[in-house]
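Trainee: From first to last, the protein sequence lines stand for chains P and X.
For what it's worth, my numbering labels the leading residue of the first sequence as 11, then goes sequentially.
For what it's worth, my numbering labels the leading residue of the second sequence as 11, then goes sequentially.
What follows is a structure written as structure tokens; I'll ask about it next.
There are 2 protein chains.
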Amino acid sequence: MSVAPAKPDVRGAARRLAATSEAERDAALERIACGIELHADEILAANALDGEAAAGERPAIRDRLALDPGRVAALAAAVRAVAALPSPVGETIRELRPPSGIRIRKVRVPLGVVLVVYEARPNVTVDAAALCLKSANACILRGSRMAANTNRVLTDVVRAGLAEAGLPADAVTSVEGGHDALAALIADPATADVVIPRGGEELKKLLLRESRIPVLAAAGGNCHVYVDAAADADRAVAIALNAKVQRPGVCNAAETLLVHAGRPELLERICAELEAAGVELAEGEEAFATEFLDLKMAVGAVASLDEAIEHINRYGTGHSEAIVTEDEAAAARFTSEVDAAAVYVNASTRFTDGGEYGMGAEIGNSTSRLHARGPVGLEELTTTKYVVHGDGRVRA
Amino acid sequence: MSVAPAKPDVRGAARRLAATSEAERDAALERIACGIELHADEILAANALDGEAAAGERPAIRDRLALDPGRVAALAAAVRAVAALPSPVGETIRELRPPSGIRIRKVRVPLGVVLVVYEARPNVTVDAAALCLKSANACILRGSRMAANTNRVLTDVVRAGLAEAGLPADAVTSVEGGHDALAALIADPATADVVIPRGGEELKKLLLRESRIPVLAAAGGNCHVYVDAAADADRAVAIALNAKVQRPGVCNAAETLLVHAGRPELLERICAELEAAGVELAEGEEAFATEFLDLKMAVGAVASLDEAIEHINRYGTGHSEAIVTEDEAAAARFTSEVDAAAVYVNASTRFTDGGEYGMGAEIGNSTSRLHARGPVGLEELTTTKYVVHGDGRVRA
């Protein structure tokens, strides 16, 4: 079932989903959650096959791929958590009553077909399917060959849940194949309305470079913490450390620390604490341009807030940028003039995340300026439609 | 000045604009309006040159190109009308207070740099510059060679107004050159954050096919009027006529009339009235697929609402679709299941327009599913930024 049958009708499934009620979609999500619990043994057996084939991979990769009974239970729980979120579909977000007398509502509707391209993480198969279904979108899932057996069983379970709930199984269609197959998919704008990469930087760059379908992704995460002249020292230390050390390999981790030149003692203290936490410090142009995604950080002094803003707008990738300051005017200038999806005052860059924002689960994060900027959750998986009532009115 | 100087700093101008207040931008708009009035003779002289060179063109094209004292006054009035609109920039559109204690605001900010590509209509030069400036975006204007003299003077006036108001003249930069120059512009994603075509179908299709910059445009306008079994006859006649005849050459004009097979008398009456209004009627597959943009209309009977919806989703281009019915359930199904930027109940498709929607001036119209769907006004010229305050908070 996960290998697409003769010709899966993903567009037709999307149209059918768009006409469903939230209750119908929630019922399908509950069927899917139950299906995951019911077929736990099958899922674990398939995952064991994938695990054997991946025996030569790095431990981090094998860990991401591996399921155990607890992780399978978490997959089902994640589906139920998505079902419990409010659906944005059908929400009226603007009402207009122009003088002609027509009554206009701007209503959220599903995007249509979402292509999700990801690496060897079986949880993405389930999360992406659940988020797309909740928002009444059909999805095409293109996972990693490394997780092919696991994904096949998971997709079967999801599609069976859809069918049991009276919804079209093709609403979740998985595709396999190598780089050429992916290239063909993303070369055709008719494949999907949007493509969302979940995974490493190389995958994102490939899609941003080659896709003819609009891509929602974070194009890099060269994030900064700027410690202002008016920074509170303890806050500066805590935020710089958290932004770098708490999880250095992710895109909202900070890569550069900038400290106002009027606070040399604070620069010294933060550097000492970073080094004590195992962070290697670097300096200079090349370091400023590097996304380490590791326990490594560029450090520099700046003469002014202006220089900090200029530096960040020059080297940053528009992802997440923080200022530590007790000076409200400096904070206001920083948040206004730094050009990024998320700007922080006295908080860690690591907060950029749908879950941390209280948006519920996210399917990705975007530094695009169009459509969605920041975490991509259910709302960002919708578009809008103007619904106009006119009592027979015509244009003069 | 309109021919770009050595290297215009459009990005720098965009950053500077993003930090301006609405009052500063409104002051510049007023300077521009005054400048247009003050330089009316110069503008008319340049336009006369363009008019002479275009003497061999069709009357409709020469009319679009031509300015007279009244039309120049209207250009200035349009700039003041844009200044009077509320600026969406800085508006908080969502507030989130997750359990971690961080305070999140989602704020509207300018898109950045907008590339506007258009035909020989001098008013677009002024309208586009005004809308971009009001929304704190820099713009690159690429007009038609046919209006080059007029555009050069108008751009000079706009840039002088910006400079007098203390804003960077490069915020409005015009570029000239032929097809190759345009191809080079749109091949580079760094040129602008979005490209908006204003003008004919061929221009739109060119951009949608070749641009590496996201395009906001209406990809065709094959619009329908469906007269339901439960239609009021007079409303059906009025709406079908208005949708086809009021201005047949525009993308929200209807191209196909579908009438429920249970109302043969109404089909006959509407066809007679259309023919009396000079509309040539057509039938069959090929007619259904054609955008006439003329006094020509495809006509067909459908057996049911379902068949009407299916027909529209098959042949339509997702622009503007209307149902005429007194049956609320039929209207609800139509508005939910027809996939288009705007769906109408008992109103003409011709209403799809920023001005008619009460959004103020529009810079274009979009059938894209991402970012903006429908009229593109000031709000659609913004993106968002998350501004987060944390009192020293870090991620657990």
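Note that the Cβ used here is the ideal one computed from N, Cα and C, for glycine as well.
(1) Under three-state DSSP, which class holds H399/P?
(2) Name the DSSP bridge partner or partners of V423/X?
(3) Taking Cβ positions only, does R25/P come closer than 9 Å to chain X?
(4) Compute the Euclidean distance between the alpha carbons of S110/P and R403/P, then round it to the nearest angstrom.
(5) Chain P beta carbons: is any one of them nearer than 9 Å to that of V404/X?
(6) Does T393/P come within less than 9 Å of chain X when only Cβ atoms are used?
(7) Which residues bound the alpha helix (DSSP H) around C281/X?
(8) Report the three-state DSSP secondary structure of K17/X (helix, strand or coil).
(9) Take the Cβ of L59/P as the centre, count every other Cβ of all protein chains shown within 10 Å, and call the residue buried at 16 or more, exposed below.
(10) If the cut is a Cβ gap below 9 Å, which residues of chain X does D436/P touch?
(11) For T377/P, which of G80/P, D166/P, C261/P has the nearest alpha-carbon?
(12) What is the C-beta distance between H189/X and V237/X, in whole angstroms, given that I count them as a contact (C-beta under 8 Å)?
(13) From A181/P to A382/X, what distance separates their C-alpha atoms?
(14) Mind checking whether A253/X and A264/X have CB atoms under 9 Å apart?
(15) Against chain X, does H381/P count as a neighbour if the rule is that its beta carbon must be under 9 Å from one of theirs?
(16) Fully enclosed by the segment 327-384 of chain P, which beta strand (DSSP E) runs are 3 residues long or longer?
(17) With a threshold of 8 Å on Cβ separation, who are the neighbours of M369/P within its own chain once the five nearest residues in sequence on each side are excluded?
(18) Give me the chain P residues within the contact set of D203/X, using Cβ-Cβ distance strictly less than 8 Å, ordered along the chain.
(19) Do A55/P and G122/P count as a contact pair if the criterion is CB distance below 9 Å?
(20) Below 8 Å, how does it come out for the segment 321-332 of chain X and the segment 96-116 of chain P: are there three or more Cβ pairs, yes or no?
(21) According to the Cβ coordinates, are F344/X and V353/X closer than 9 Å?
(22) Tell me the rounded alpha-carbon separation between G210/P and R155/P.
(23) List the whole-angstrom C-beta distance separating I148/X from A24/X, where the pair is believed to meet the contact cut-off of C-beta under 8 Å.
(24) Closer than 7 Å by C-beta to R104/X: which residues in its own chain qualify, once you throw out the five before and the five after it? Chain order, please.
(25) What are the residues in the segment 121-144 of chain X lying within 7 Å of chain P by C-beta distance?
(26) With distances taken between CB atoms, is the gap from T335/X to M307/X smaller than 9 Å?
(27) Suppose the cutoff is 6 Å on Cβ atoms and the five residues either side in sequence are ignored; what does the same chain contact list for M11/P look like?
(28) State whether the segment 191-209 of chain X contacts the segment 300-314 of chain X, with contact taken as three or more CB pairs (one from each stretch) at a distance under 8 Å.
(29) Any residues in the segment 308-326 of chain P with a beta carbon nearer than 9 Å to a beta carbon of chain X? Which ones, in chain order?
(30) Please report whether the beta-carbon of P178/X lies at a distance below 9 Å from any beta-carbon of chain P.
(31) Within its chain, find whatever has a CB closer than 7 Å to the CB of A246/X; leave out the 5 residues flanking it on each side and keep chain order.
(32) Locate the alpha helix (DSSP H) running through P132/P, then write down its first and last residues.
(33) Is M156/P close to chain C? Criterion is C-beta to C-beta, closer than 9 Å.
(34) CB L391/P to CB S145/P, shorter than 9 Å?
(35) Which runs of the beta strand (DSSP E) at least 3 residues long sit entirely within the segment 216-303 of chain X? Give them in chain order.
(36) Taking only beta-carbon positions, decide if A29/P is within less than 9 Å of chain X.
Mentor: Walking through what the data contain:
(1) H399/P: strand per DSSP, three-state reduction.
(2) The structure shown has nothing for residue 423/X, since chain X only spans 11 to 406.
(3) For R25/P, the nearest CB of chain X lies under 9 Å from its own CB, placing it at the interface with that chain.
(4) When rounded, the distance between both Cα atoms is 8 Å.
(5) For V404/X, the answer is yes, since a Cβ of chain P falls inside 9 Å of its Cβ.
(6) For T393/P, the answer is yes, since a Cβ of chain X falls inside 9 Å of its Cβ.
(7) C281/X -> alpha helix (DSSP H) spans 274-286.
(8) Under the three-state reduction of DSSP, K17/X is assigned to coil, being neither helix nor strand.
(9) Per the 10 Å Cβ criterion, exposed.
(10) Because chain P is modelled from 11 through 406, residue 436/P falls outside the range shown and cannot be assessed.
(11) Of G80/P, D166/P, C261/P, the residue nearest in Cα terms is C261/P.
(12) Not quite, the Cβ-Cβ distance comes to about 43 Å (not below 8 Å), so this is no contact.
(13) Cα-Cα distance, rounded: 25 Å.
(14) In this structure, A264/X lies closer than 9 Å to A253/X by Cβ.
(15) Cβ-Cβ to chain X under 9 Å: yes for H381/P.
(16) Every beta strand (DSSP E) stretch that sits fully inside the segment 327-384 of chain P and reaches 3 residues is listed by chain position as 330-334, 352-357, 374-376.
(17) Around M369/P: P385, G387, L388, E389.
(18) Near D203/X (Cβ distances below 8 Å), the residues of chain P are R379, L380.
(19) With respect to the 9 Å criterion, G122/P and A55/P are not classified as neighbours on the basis of their beta carbons.
(20) The segment 321-332 of chain X, when compared against the segment 96-116 of chain P, does not touch it at the 8 Å Cβ threshold.
(21) Contact: yes.
(22) Roughly 15 Å separates the two Cα atoms.
(23) Sequence inspection shows Ala at residue 148/X; the Ile mentioned does not correspond to that position. Contact between A148/X and A24/X holds: their C-beta atoms lie close to 4 Å from each other, under 8 Å.
(24) Non-local C-beta neighbours of R104/X in its own chain, meaning closer than 7 Å and more than five positions away in sequence, comprise K116, ordered along the chain.
(25) For the segment 121-144 of chain X, the residues whose beta carbon sits under 7 Å from a beta carbon of chain P are, in order, L121, G122.
(26) It is not a contact, given that the beta carbons lie outside the stated cut-off.
(27) Unreliable positioning characterises M11/P in this predicted model, as indicated by a pLDDT of 46, which lies under 50. A coordinate reading is not provided.
(28) These segments do not touch.
(29) Residues passing the 9 Å Cβ filter: N323.
(30) Chain P, which has no Cβ nearer than 9 Å to the Cβ of P178/X, makes this no.
(31) Cβ neighbours of A246/X beyond the five flanking positions: V237, L276, I280, V334.
(32) It spans 132-144 - the alpha helix (DSSP H) in which P132/P sits, taken as one unbroken run.
(33) No chain C is present in this structure, whose protein chains are P and X.
(34) Yes. Within cutoff.
(35) As far as the segment 216-303 of chain X is concerned, its whole beta strand (DSSP E) runs of at least 3 residues are 233-237, 264-270, 290-292.
(36) It does: the Cβ of A29/P has a partner Cβ on chain X nearer than 9 Å.
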